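Undergrad: Have a look at this one.
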Amino acid sequence: MRIGRIEAMWGAEELRPAVGWKVWRVESSVEETRLRSVLYGDLWPARQAIEARCKRLLRLEHDAPCPGCGCGIHAGRELSAWEHYLSVDAGARVFGRVLLWGATIEGRHGWRAARACPVEIFVPADVEYAADVAAGLAVYGVPVHVLEPVPAPAPKEVALR
């Protein structure tokens, strides 16, 4: 089958994956460690894609993402797009890169897609038991990195005259 025919059948946009940045809440217990969406609390399944569903009440049912709605799996072009999510409850947040595919809508700061899965996870040093959390997140089958603490800037010396 020719690529042009596949693109015509599925839609060229459906075949182009994107890679973006995502922030998750980390849910850790003795039994397991999992990723949860920050806003809606969706559990990200290990070693399989998460599929978007519109959760808006009082809307006509539609596939996600929908151009007239904000639904879909969001990922930022830059990690800085999610800085506000990283600063709230920082001890329970991890971040990483996700592969997005299926119906995908591109916006100014990133994408909304029908499906996604993590491709790399970063555990900040200020996450409680960071090494244990990272070990638990290995269940996703992607590289997991524990970040070193960022040293505080040295105080500037003030010259007295």
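Everything in the sequence shown is counted per my numbering, starting at 3 for the first residue and increasing by one. Beta carbons: idealized from backbone N, C-alpha and C, even for Gly. This one's a predicted model, so the numbers in the text were calculated from it and none came from an experiment.
Between the C-alpha atoms of Gly112 and Asp134, what's the straight-line distance to the nearest angstrom?
TA: So the two alpha carbons sit approximately 31 angstroms from each other.
Undergrad: For Ile5, count the other beta carbons within 10 Å of its own beta carbon; 16 or more makes it buried, fewer makes it exposed. Which is it?
TA: Residue confidence is low: Ile5 scores 47 on pLDDT, short of 50, so the model does not pin down where it sits. Its coordinate-derived value is still stated next. The residue is exposed, with fewer than 16 neighbouring Cβ atoms inside 10 Å.
Undergrad: Under 6 angstroms Cβ to Cβ from Phe97, same chain only, skipping five residues before and after it: list those, please.
TA: Excluding residues within five positions, the ones whose Cβ falls inside 6 angstroms are Val25, Phe124.
Undergrad: Buried or exposed: Val90, going by 16 or more other Cβ atoms within 10 Å of its Cβ?
TA: It is exposed - the Cβ of Val90 has fewer than 16 other Cβ atoms within 10 Å.
Undergrad: With 16 other CB atoms within 10 Å as the buried threshold, where does Arg49 fall?
TA: So Arg49 ends up on the exposed side.
Undergrad: Taking the Cβ atom as the reference point for each residue, do Ile75 and Ala54 lie within a distance shorter than 8 angstroms?
TA: Yes.
Undergrad: Helix, strand or coil for Ile8, going by three-state DSSP, please let me know.
TA: Its pLDDT being 49, under 50, Ile8 is placed unreliably by the model, and nothing is read from it.
Undergrad: Quick check: what's the CA-CA separation for Glu130 versus Leu88?
TA: The straight-line gap from Cα to Cα measures roughly 14 angstroms.
Undergrad: By DSSP, does Gly109 sit in helix, in strand, or in coil?
TA: Here Gly109 sits in coil by DSSP.
Undergrad: Considering only residues of the same chain and omitting the five flanking positions on each side of Pro67, which have a CB-CB separation below 7 angstroms?
TA: Closer than 7 angstroms at the Cβ level, and outside the excluded window around Pro67, lie Ala54, Cys73, Gly74, Ala105, Ile107, Arg114, Ala115, Ala116.
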